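S.K.: Just passing along the structure, written as structure tokens.
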Amino acid sequence: LTDTMTSGIISSLHRNQQIGGRANDARYYSSLLQADASVNPGNSGGPLVDLYGRVVGINVAIESPSGASAGIGFAIPANTAKYVMEQLITNGSVTRGFLGLSPRSLEYSERAQYKVEAGALVTSIQLNSPADKAGIQVEDVITSFNGKKIVGETDLREGISRLKPGSEITIEVSREGQSRTLNAKIGAPTDTIATAKPEQKVQPDAPQGKLGVAVGDLSDEDVQNEYKFAQSVKRGAVVTEVTPGSPAADAGLKSGDLILRMAGKPVNKAEDVKAIARLLKSGMVNLAVLRGEQTVLVSIELD
């Protein structure tokens with residue numbers, strides 16, 4: 001099947017895919033072209049051309065449960081490939097900007113919840129990253145940077161990646177319905193992968209309430225000895241146990257997570273979580289959680 005030519009149509013534009021066999025070498029690609037032309041062994045890295053022979057993309061991957069072509073192939077757009085080529089010719093390498101956050105596009109139903117027409121929702125922030133130093137928070141909605149409107153995740157990822165490290169930018173975010181202007185200095189990507197701390201076994205209070213979690217205080221000596229948070233971490237409620245099959249477990253909350261914010265309210269101690277939980281009704285509740293070296297957004301669905 002090598003050295004073949006296949007044909008098809010462009011099925012979709014602006015596909016976002018994480019490509020890679022293992023968690024530590026997977027790469028995120030944004031704004032890919034999706035085509036139903038078979039991508040056979042040897043086609044990756046080859047051109048995707050239109051009817052006139054013009055290169056419109058570079059084949060990069062397929063989506064397939066069996067490993068054989070299933071009519072779902074992905075290609076890097078030619079404009080992106082051209083940008084990379086120019087960087088290689090000029091600098092000998094590709095330099096990308098780094099902000100240190102993970103965004104996702106808003107669902108249509110979330111726009112009213114966050115009181116915005118469009119934007120990129122921040123779902124995680126790496127500690128001590130440019131985003132962290134700029135004051136960006138999990139659950140902020142980035143609506144523009146350097147005066148450019150952000151419609152969704154792809155706009156933000158592509159815009160940031162094409163900035164040079166050291167560039168200073170202005171970011172507009174919506175936080176709890178209020179617009180804020182923040183200043184950030186773009187960094188360079190690192191190869192360090194943040195890892196969560198292993199789950200520990202402390203003797204917790206019994207999980208209770210709607211969430212199905214038990215929480216403890218940072219000031220509790222047993223909790224601090226077990227989870228060993230940095231001295232700079234001064235507030236929050238430590239998750240010490242999660243009931244299997246509970247809403248918290250279904251959402252991915254883990255023992256050792258540190259809850260910093262819940263339902264839009266700051267959490268300073270375990271009692272804050274319990275007090276907020278007593279007021280919750282059915283629906284979605286969002287938590288800002290410190291996990292390893294990242295602050296992440298955890299959304300819990302309550303019946």
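If you count by our numbering, then the sequence shown holds residues 1 to 303, one letter each, in order.
Every residue, glycine too, gets a C-beta built ideally from N, C-alpha and C.
Note that the coordinates shown come from a computational prediction; the quantities given were computed from them, not determined experimentally.
1) Alpha carbon to alpha carbon, how far is N358 from S232?
2) Would you tell me roughly how many angstroms separate the C-alpha atoms of N79 and L88, rounded to the nearest one?
3) Rounding to the nearest angstrom, what Cα-Cα distance links L121 and D3 in this structure?
4) Run through the DSSP bridge pairs and tell me what V238 is partnered with.
5) Let me know the alpha helix (DSSP H) ranges lying completely inside the region 46-94, each 4 residues or longer, listed in chain order.
6) Looking at C-alpha atoms only, which residue of P47, P41, P130 and S30 is the closest neighbour of T170?
7) Can you have a look at V285 and say buried or exposed, based on whether 16 or more other CB atoms are within 10 angstroms of its CB?
8) What is the rounded straight-line gap between the Cα of N91 and the Cα of I76?
9) From which residue to which residue does the beta strand (DSSP E) around A120 run?
10) Would a C-beta distance cut-off of 7 Å place I142 and D132 closer than the cut-off?
11) Just checking my contact of S299 with A251 at CB under 8 Å: how many whole Å lie between their CB atoms?
12) Classify Q190 as helix, strand or coil using the three-state DSSP reduction.
13) Would a C-beta distance cut-off of 7 Å place S7 and D36 closer than the cut-off?
14) Under DSSP, the beta strand (DSSP E) around L101 begins and ends at which residues?
15) Just to check my reading of the structure: I150 and S144 have Cβ atoms closer than 8 Å, yes? What is that Cβ distance to the nearest angstrom?
16) Report the option in V213, K210, G100 and V238 whose CA atom is closest to the CA atom of E221.
17) Using the DSSP secondary-structure output, state which residues sit across from K149 in a beta bridge.
18) Buried or exposed: R54, going by 16 or more other Cβ atoms within 10 Å of its Cβ?
19) When burial is assigned at 16 or more other CB atoms within 10 Å of the CB, is G256 buried or exposed?
20) Would you decide whether P247 is buried or exposed? Buried here means 16 or more other CB atoms lie within 10 Å of its CB.
21) Can you name, in chain order, every residue of its own chain whose Cβ lies under 8 Å from the Cβ of E153, other than the five neighbours on each side?
22) Note the first and the last residue of the continuous alpha helix (DSSP H) segment covering L279.
23) Where do the ends of the beta strand (DSSP E) carrying K185 lie?
24) Using the DSSP secondary-structure output, state which residues sit across from L287 in a beta bridge.
25) Output needed for V60: all residues of its chain with C-beta closer than 8 Å, excluding positions within five of it in sequence on either side, in chain order.
26) Going by C-alpha to C-alpha distance, which of M262, A112, L253 and K234 sits closest to E241?
27) Out of curiosity, what's the CA-to-CA distance linking V296 and V138?
28) For T190, count neighbouring Cβ atoms within 10 angstroms of its own Cβ and tell me buried if that reaches 16, exposed if not.
29) Are the CB atoms of L163 and G97 within a distance shorter than 7 Å?
30) Given a cut-off of 7 Å, decide if A270 and D217 are closer than it, judged by their beta-carbon atoms.
31) I think I58 touches Q34, with their Cβ atoms under 8 Å apart; what is that distance to the nearest whole Å?
M.R.: The relevant details are as follows:
1) The requested residue 358 does not occur in the structure, where the chain is confined to residues 1 to 303.
2) Rounded to whole angstroms, N79 to L88 spans 14 Å at the Cα level.
3) Distance between the alpha carbons of L121 and D3: 42 Å.
4) V238 pairs with G216 and L258.
5) Segments of the alpha helix (DSSP H) lying fully in the region 46-94: 78-91.
6) The residue with the shortest Cα to Cα distance from T170 is P130.
7) With 16 or more neighbouring CB atoms inside 10 Å of its own CB, V285 falls in the buried class.
8) The alpha-carbon atoms of N91 and I76 are separated by roughly 21 Å.
9) Looking at the DSSP string, the run of the beta strand (DSSP E) that includes A120 is A120 to Q126.
10) Not in contact: I142 and D132 (Cβ atoms no closer than 7 Å).
11) So it is a contact: roughly 6 Å between Cβ atoms.
12) The sequence given here places Thr at residue 190; Gln does not occur at that position. In the structure shown, the three-state DSSP call for T190 is coil.
13) 7 Å or more divides the Cβ of S7 from the Cβ of D36.
14) In the DSSP assignment, L101 falls within the beta strand (DSSP E) that extends over L101 to S105.
15) Approximately 6 Å separates the beta-carbon atoms of I150 and S144; this is inside 8 Å, confirming the contact.
16) Comparing alpha-carbon positions, the option among V213, K210, G100 and V238 lying closest to E221 turns out to be V238.
17) Beta-bridge partners of K149 (DSSP): S144.
18) That one is exposed.
19) Buried, by the Cβ-count rule.
20) Counting of Cβ neighbours within 10 angstroms places P247 among the buried residues, the total reaching 16 or more.
21) N16, S30, P103, R104, S105 and A120, listed in sequence order.
22) Residues A270 to L279.
23) It spans Q178 to K185 - the beta strand (DSSP E) in which K185 sits, taken as one unbroken run.
24) As computed with DSSP, L287 is found in a beta bridge with M262 and V298.
25) Only residues of its own chain outside the window of five on either side were considered, and among them I19, Y29, L32, S44, G45, F74, A75 and I76 have a CB closer than 8 Å to the CB of V60, listed in chain order.
26) Nearest neighbour of E241 by Cα position, chosen from M262, A112, L253 and K234, turns out to be L253.
27) Approximately 6 Å between the Cα atoms of the pair.
28) Result: exposed.
29) L163 sits close to G97, with the two beta carbons spaced by under 7 Å.
30) Yes, the Cβ-Cβ distance between D217 and A270 is below 7 Å.
31) Actually they are not in contact, since the Cβ atoms of I58 and Q34 sit about 14 Å apart, beyond 8 Å.
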